[in-house]
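Just add 40 to the spot in the sequence shown (first one is 1) and you have the numbering used here.
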Amino acid sequence: MHFPPPSTIAGCLRTAWARATGHPFDASLFDLEISGALLLRPNEQGDLRLLAPKPADAHYFGHGDDARCIRAEPAPFDKSCNADLPDKLLPLRLTVDEKVKASSGPHWWDWKDLLAFRTGQEMPKYTELKARGWSPPIGDRRTHVAIDPKTLGADSGLLFQTEGMDFAPTNQWLKEKVDKPSLRLLVRCTKPLSEGLVYLGGERRLAQLHPEPEATWPQPPADWFERIVKAGGLTLTLLTPACFEKGYRPGWLDETLTGAPPQAPGLRLQLVAAAVERWQPHSGWDLAAHQPRQTRKLVAAGATYWFRLPDTDKPSPDALESLWLSSLCDLEQDRRDGYGLALPAPWTPPNA
């Protein structure tokens with residue numbers, strides 16, 4: 041069961057806004073910009089903690105008390121070693137020579153743990169990552185049949201399945217009590233939305249909208265962009281899946297792996313390395329054309345890209361601010377749908 045894709049959430053919110061305002065259900069609805077979704081987890085005091093996807097350059101090893109998380113960083117090949125990577129693209133190497141087998145761990149991290157990881161601070165202990173993090177549960181899969189309107193019985197051969205993800209495991213109506221805290225999707229919309237029930241996804245799952253203050257959306261730490269300029273490079277970690285014309289890498293990069301992000305056209309970046317996990321298939325149903333949408337290959341959330349800033353004519357911190365949680369996607373509609381949101385963070389490139 042995959043996390044709800046950005047286009048599903050965007051469609052839900054655009055429909056809710058159109059119904060609330062009386063806006064026509066036409067192509068102009070696609071202009072409404074959506075960002076997200078991230079995860080929020082309320083604590084016992086009612087405060088909301090932000091969760092973000094695990095970065096692809098973080099790897100779990102060992103089990104039980106020996107479980108740990110180790111980072112991978114760009115580093116040049118050893119002598120007499122090479123690969124078919126594009127020219128000037130560095131491989132990733134573990135910072136610790138690990139001898140045990142790879143293992144699993146939380147798919148989502150606490151926001152503070154992600155910021156600490158991205159700034160090169162000491163790795164959090166595995167037990168702390170697991171306690172503060174989250175992994176999606178097994179999907180709630182249900183089998184249905186189509187009903188013949190004439191006989192009111194099951195229509196022969198018309199079986200289908202739906203699968204959902206329960207973000208609020210405590211059912212107050214059934215008086216169920218579980219230890220797992222409820223989770224919320226955090227989404228940013230350019231238009232105000234009212235509180236109420238909405239349908240999420242093609243199976244019309246019920247969800248509730250609850251407006252939060254603007255301050256709930258994550259803001260950059262103090263001196264964040266000054267630190268990027270001083271470091272001479274930055275990482276961009278995907279917080280939502282992305283779609284690029286050139287597969288794993290953005291289409292705005294040329295043959296020399298240099299280019300300007302769409303949200304910062306005056307900023308020139310050179311790709312140094314990339315950590316990308318297996319691509320995710322994504323399709324859907326086109327309500328306007330009454331046909332399935334073309335399947336696309338998405339770069340999974342958590343993918344991380346390392347970029348070098350220009351050695352001469354370095355950008356000002358103000359020029360980097362537009363990168364904060366903005367989309368890296370090539371197509372404008374993908375950016376409006378919330379695909380490819382990225383977290384910029386300071387990174388010091390290795391000596392050439």
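Beta carbons: idealized from backbone N, C-alpha and C, even for Gly.
Fair warning: this is a prediction, and the values are worked out from it, not measured in the lab.
Three-state class that DSSP yields for residue i in the structure shown
i, result
"Gly197", "strand"
"Ile49", "helix"
"Pro357", "helix"
"Arg308", "coil"
"Asp326", "strand"
"Arg318", "coil"
"Glu295", "coil"
"Lys215", "Note that Lys215 has pLDDT 48, beneath the 50 cutoff, so the model's placement of it is unreliable and the number below is only indicative. Here Lys215 sits in coil by DSSP."
"Leu383", "strand"
"Ala300", "coil"
"Phe393", "A query on residue 393 cannot be resolved here, the shown segment of the chain reaching from 41 to 392 and no further."
"Arg181", "strand"
"Ser234", "coil"
"Ala56", "helix"
"Thr191", "coil"
"Thr275", "strand"
"Thr388", "coil"
"Arg341", "It should be noted that the sequence gives Ala, not Arg, for residue 341. Looking at Ala341 - three-state DSSP - the assignment turns out to be coil, as it is neither helix nor strand."
"Glu254", "helix"
The beta strand (DSSP E) enclosing residue i, as first and last residue numbers
i, result
"Trp346", "Thr344 to Arg348"
"Gln248", "Arg245 to Leu249"
"Ser241", "Ser is not the amino acid found at residue 241; the sequence shown has Gly there. Unbroken run through Gly241: none, as it is neither H nor E."
"Leu338", "Arg336 to Leu338"
"Gly62", "Gly62 -> no beta strand (DSSP E), and no H or E assigned at all."
"Leu78", "Ile74 to Pro82"
"Arg228", "Arg224 to Cys229"
"Ala92", "Leu88 to Pro93"
Whole-number beta carbon distance between residue j and residue i, since they are thought to touch under 8 Å
i, j, result
"Leu381", "Thr280", "5 Å"
"Glu138", "Ile178", "About 29 Å; that fails the 8 Å criterion."
"Trp149", "Ala107", "About 15 Å separates the two Cβ atoms, so there is no contact after all."
"Gly299", "Trp346", "Their Cβ separation, rounded to whole angstroms, is 14 Å, which puts Gly299 and Trp346 out of contact at 8 Å."
"Ala314", "Arg289", "7 Å"
"Pro384", "Leu276", "6 Å"
"Pro176", "Phe43", "6 Å"
"Arg245", "Gly204", "6 Å"
"Trp151", "Leu90", "4 Å"
"Asp377", "Ile74", "6 Å"
"Leu223", "Trp174", "7 Å"
"Glu256", "Leu88", "It should be pointed out that residue 256 corresponds to Thr in this sequence rather than to Glu. That belief holds up - the Cβ atoms of Thr256 and Leu88 are roughly 7 Å apart, short of 8 Å."
"Leu134", "Ala112", "5 Å"
"Val140", "Gly102", "5 Å"
Residue range of the alpha helix (DSSP H) that includes residue i
i, result
"Gln373", "Glu372 to Asp377"
"Ala271", "Trp264 to Ala271"
Contact with chain C by residue i, beta-carbon distance below 7 Å
i, result
"Thr183", "Protein chains in the displayed structure number just one, and chain C is not present."
Practice item. Pick out the complete beta strand (DSSP E) segments inside the stretch 97-179, 3 residues or longer, and give them in chain order. Key: Counting only runs of 3 or more, we get 98-101, 108-114, 132-134 and 148-150.
Check your understanding: Is the stretch 51-69 close to the stretch 126-134, with three or more CB pairs under 8 Å?
Key -> No: fewer than three Cβ pairs fall under 8 Å.
Point to revise | Three CB pairs or more closer than 8 Å across the stretch 44-56 and the stretch 235-251 | key: Short answer: they touch.
**Study point:** Meets three-Cβ-pair contact criterion under 8 Å: the stretch 95-109 and the stretch 75-83
**Key:** Output reads no: the stretch 75-83 does not touch the stretch 95-109.
Point to revise | At least 3 beta-carbon pairs within less than 8 Å: the stretch 350-365 vs the stretch 298-312 | key: Yes, they touch.
Practice item. Spell out a yes or no on whether the stretch 324-342 and the stretch 282-289 are touching, meaning 3 or more CB-CB pairs, one atom from each, closer than 8 Å. Key: The stretch 324-342, when compared against the stretch 282-289, does touch it at the 8 Å Cβ threshold.
Review point. Within the chosen definition, does the stretch 226-237 reach the stretch 110-125 through at least 3 CB pairs nearer than 8 Å?
Key: Under the three-pair Cβ rule at 8 Å, the stretch 226-237 does not count as touching the stretch 110-125.
Check your understanding: Are the stretch 368-380 and the stretch 254-273 in contact at 8 Å, needing three or more beta carbon pairs?
Key -> The stretch 368-380 is not in contact with the stretch 254-273.
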